[in-house]
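Here's the structure we're looking at; comments come further down.
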Amino acid sequence: MMIKTKLLYIILIISLPAALLGQTGAPSAYTNFGIGSINNSGLVKNQGMGGTGMAIQTDNFINALNPASLTGIDSLNMLIDMGLRVNFTNYKTNEGNGDAISGGLHNISLAFRSAKNLYTSFGLSQVSSVGYNVATTSTIEGSMDIIGKEYKGTGGVNEVYLSNAVGIGKNFALGLKLSYLFGGIEKTEVFSSSVIGGALSVEYTDYVQQFKFEPGFQYRVNVFDQEISVGATYSPEVDFATNRSVTTSSSSGAGINEDIDDGTDYKIPVNMAGGVAWANKRGLKIAADYRFQEWSSVSYKSRAADLKDSHRFSMGAEFRNRETKRANPFLYQLGGYVEDSYIKVEGNSIIDTGISAGIGIPMRNSRSYFNINLNYGRRGPRGGDLIKENYFGINLSLSMVEFWFMKRQFD
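According to mature numbering (1 follows the signal peptide of the UniProt record, and there is no 0), the stretch in the sequence shown is residues -22 to -1, 1 to 389, in order.
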């Protein structure tokens, strides 16, 4: 039985990379810039608390936001987390509104104790997503001819990662996450008018790859039977190696495809994050995080928006009643966040705010959980006539706990 279960896990890990590559996150017109919308909210369980987790440790859940958190895992357990996302977005402009839906596999992650006082995690997850389809029309000055413009984008960046953490004494932990980032971003521009006798389409496909490392730490202290912890991570700038393919076609059927090196660059700037958490013996946790990304230091060859430093604040609470007679109690979560994003369009900052709620349903005769959380948010400018977005997300995950290092006496 144990061997069959392990083989199933290995088959799942091998078969999932192809599914991740075609994934798109929440649709947004603002993913047109750079590598798109960056996932700063961690796994599904983190998202239930508004995307917090810098200072949190748990014995039977993986916390992907801080590699140092791995030292909280039960030494006998093998943890596996598989997450899915479904997102609905409503767009509003002065000219009307529209709707979009997307979804797919978000992550598969594994974690376990690999040696005495050494904890390891590896897996695949989404780093960023691009998903938009915007159409506009304009009139040629001095004539009645109308030009239609359509902008579409899909794709994103994924990562395969390896994290390790060590405990130093009873209260301090250090971790390091090494990642290989890769993906494809496809952007299409379509122009149509009677002046050009039909439609002209230009499709840009950028393939990106690069390595990234991210150290982190956590420190915990017990005060009057309550645990207070702090944690932080840092990652330097990532400058992607990029290959671009350009395909030009027209409604007449003529087309040109070429690979070019036009200096196209994609980057992720210096990223710093920190948080604090409080927990009591009854099972209540309250946590808050702050994240800073130095986008003002990034310079793109061409862009339709200004880049500025981004700031993200999140706060969440979680309750898992440890005083109940149940060996594996239900888990309840609430959270909220506000992000002043790295994009500034026509002098307007793009703000993203949202709330989340989640529940962890224990699986029978197991320490595993089925997690469900919902989030609702708004994204757009503080003023002006730019696109405003309302979005709703359903996030699902299966957090499996296997007694990997304990031999069963009976099947």
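Idealized CB from N, CA, C, for every residue including glycine.
Since we're looking at a predicted model, the values are computed, not measured.
Would you kindly check if the distance between the Cβ of Leu88 and the Cβ of Ser103 is under 8 Å? No, the Cβ-Cβ distance between Ser103 and Leu88 is not below 8 Å.
Tell me which same chain residues have a C-beta within less than 6 Å of the C-beta of residue 394, skipping the five on either side of it? This structure gives no information on residue 394, because the portion of the chain shown stretches from -22 to 389.
Would you mind stating whether Lys155 and Phe191 have Cβ atoms separated by less than 8 Å? Yes, these two residues count as a Cβ contact at 8 Å.
Within the continuous beta strand (DSSP E) that includes Val22, where are the two ends? Where Val22 is concerned, there is no enclosing beta strand (DSSP E), although the alpha helix (DSSP H) around it starts and stops at 22 to 25.
I'd like to know if Gly76 contacts chain C, where contact means its C-beta is closer than 8 Å to some C-beta of that chain. Reference to chain C is not applicable here, since this structure consists of a single protein chain.
Residue span of the beta strand (DSSP E) that contains Glu296, given as start and end: Taken as a continuous stretch (DSSP letters only), the beta strand (DSSP E) holding Glu296 covers 288 to 298.
Cβ separation of Ser377 and Asn349, assumed to be a contact under 8 Å, to the nearest whole Å: That pair is a contact at about 6 Å.
Asn65 classed as buried or exposed, judged by whether at least 16 other C-beta atoms fall within 10 angstroms: Buried, by the Cβ-count rule.
What does Leu152 pair with, by DSSP beta-bridge criteria? Val144, Phe195.
Cβ-based burial, Arg300 [other Cβ within 10 Å; buried from 16]: Per the 10 Å Cβ criterion, exposed.
Where Thr9 sits in the DSSP three-state scheme: Correct three-state label for Thr9: helix.
On a CA-only basis, which of Tyr315, Asn200, Leu364 is nearest Ile321? Give me that one, please. Closest option to Ile321, Cα to Cα, is Leu364.
Considering only the beta carbon of each residue, do Val138 and Ala7 sit closer than 8 Å? No, they are not a contact pair.
Beta-carbon separation (whole angstroms), Gly332 vs Leu352, contact threshold 8 Å: Not a contact, Cβ separation roughly 10 Å.
Quick check: Ala42 and Ala265, are their CB atoms within less than 8 Å of each other? Not a contact, by the Cβ cut-off of 8 Å.
Please report the distance separating the alpha-carbon of Ile125 from that of Ala177. So the two alpha carbons sit approximately 10 Å from each other.
Given residue 390, which residues of its chain have a CB within under 6 Å of its CB, disregarding the five upstream and five downstream residues? This structure cannot speak to residue 390, because the chain is shown only from -22 to 389.
In its own chain, which residues sit with a C-beta less than 6 Å from the C-beta of Pro5, not counting the 5 before and 5 after it? Beyond the five residues adjoining it in sequence on each side, Pro5 comes within less than 6 Å, by CB distance, of Thr67, Ala78, Ser80, Gly109 in the same chain, given in chain order.
Return the Cβ separation of residue 403 and Phe308 in integer angstroms, given the expectation that the two are a contact with Cβ distance under 8 Å. Outside the shown range of the chain, which is -22 to 389, sits residue 403, and nothing can be said about it.
Please say whether Ile16 and Thr144 have beta carbons closer to each other than 8 Å? Going by the sequence as given, residue 144 is Val instead of Thr. No, they are not a contact pair.
What does the Cβ neighbour count give for Asn343, buried or exposed, with the cut at 16 atoms within 10 Å? In summary, Asn343 is exposed, with fewer than 16 beta-carbon neighbours lying within 10 Å of its beta-carbon over all protein chains present.
Is it buried or exposed, Tyr369, if we count other Cβ atoms within 10 angstroms and call 16 or more buried? Burial check for Tyr369: the Cβ neighbour count within 10 Å reaches 16 or more, so the residue is buried.
Gly294 versus Val248: straight-line alpha-carbon distance, rounded: One C-alpha to the other measures close to 25 Å.
To the nearest angstrom, how far is it from the Cα of Thr36 to the Cα of Ser346? Cα-Cα distance, rounded: 13 Å.
C-alpha distance - His84 paired with Asp59, whole-angstrom precision: So the two alpha carbons sit approximately 10 Å from each other.
Between the CA atoms of Tyr129 and Asn72 - distance to the nearest angstrom: About 18 Å.
In whole angstroms, give me the CA-to-CA distance for Asn75 and Asp318. Computed Cα separation, rounded: 24 Å.
Would you identify the three-state DSSP class for Ser99, choosing helix, strand or coil? In this structure, Ser99 counts as strand in the three-state DSSP scheme.
Across which residues does DSSP place Arg356 in a beta bridge pair? Arg356 is bridged to Thr331, Asn368.
Quick check: what's the CA-CA separation for Ala219 versus Gly12? The alpha-carbon atoms of Ala219 and Gly12 are separated by roughly 14 Å.
What residue range is occupied by the uninterrupted beta strand (DSSP E) comprising Asp77? DSSP places Asp77 in the uninterrupted beta strand (DSSP E) bounded by 74 to 93.
With the cut-off set at 8 Å, would you say Gly14 and Ser107 are in Cβ contact? Yes, Cβ-Cβ distance for Gly14 and Ser107 is below 8 Å.
Determine, using beta carbons only, whether Gly61 and Ser375 come nearer to each other than 8 Å. Yes, Cβ-Cβ distance for Gly61 and Ser375 is below 8 Å.
Can you tell me which of Pro359, Gln311, Val323, Val316 puts its alpha carbon nearest to the alpha carbon of Lys23? The shortest Cα separation from Lys23 among Pro359, Gln311, Val323, Val316 belongs to Gln311.
Anticipated Cβ contact below 8 Å, Gly29 with Tyr354, distance rounded: Not quite, the Cβ-Cβ distance comes to about 14 Å (not below 8 Å), so this is no contact.
Taking DSSP as the reference, what is the three-state secondary structure of Thr49? Three-state DSSP puts Thr49 in a helix.
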